[in-house]
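Asks:
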Amino acid sequence: MGKLTMNFFLRGQIIWLFIPIAIETFHVPIQLWLYARNLLHPIAALVLSFCFMGLWVSFSVLAPLIDACVEQKFPDAWNGLFWARQVTGYLITLLYLAYFGFSCAAVHHWRSGKKAVDGTSSDGDIEMKA
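1 is the number of the first residue of the sequence shown in this note's numbering; add one for each residue after it.
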């Protein structure tokens, strides 16, 4: 019974590691396809970058807590995988942080262009056209 429970737990632990990767498998190709065809709206890029940055931050923060709560000693190979998972999660978080900054700049540029077309200035006043 103990061996069955342990194998079930380890299987669940390994499956839990692949959740963000499985989500990214669908998200990244769709977003690249939209971007390549100039269909990706700046606000959609901003929202998606914020959400997926949060996904990777939460998994990177929760993973060590879950590993610390396990009442079992993992083999040395697991420690190597643990650190590889942590470093990868933090690097992807930094990439999403940069993406978040670029999408903020894109939204600012989009709003400035929209205001110029509408004839409003940055403080909301209507400009007089000669």
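Idealized CB from N, CA, C, for every residue including glycine.
Predicted, not measured: the structure shown is a model, and the values here were computed from it.
Distance check for W83 and A77, CA to CA, integer angstroms please.
Replies: Between A77 and W83, the C-alpha separation is close to 10 angstroms.
Asks: Write down every uninterrupted run of the alpha helix (DSSP H) in the region 62-94 whose length is 4 residues or greater and which is fully enclosed by it, in chain order.
Replies: Counting only runs of 4 or more, we get nothing.
Asks: List the whole-angstrom C-beta distance separating Y90 from F52, where the pair is believed to meet the contact cut-off of C-beta under 8 angstroms.
Replies: So it is not a contact: roughly 14 angstroms between Cβ atoms.
Asks: Considering only heavy atoms of the ligand ZN, does any lie closer than 6 angstroms to the CB of D118?
Replies: With respect to the ligand ZN, the structure shown offers nothing to examine, as it has no ligands at all.
Asks: Out of curiosity, what's the CA-to-CA distance linking V117 and P20?
Replies: Spanning the two alpha carbons is a distance of roughly 40 angstroms.
Asks: Please return the same chain residues whose Cβ sits closer than 8 angstroms to the Cβ of H27, not counting the five positions on each side in sequence.
Replies: Taken in chain order, the residues that qualify are L48, F52.
Asks: Could you please give the first and the last residue of the uninterrupted alpha helix (DSSP H) stretch that includes H180?
Replies: With the chain running from 1 to 130 in the structure shown, residue 180 is simply not present.
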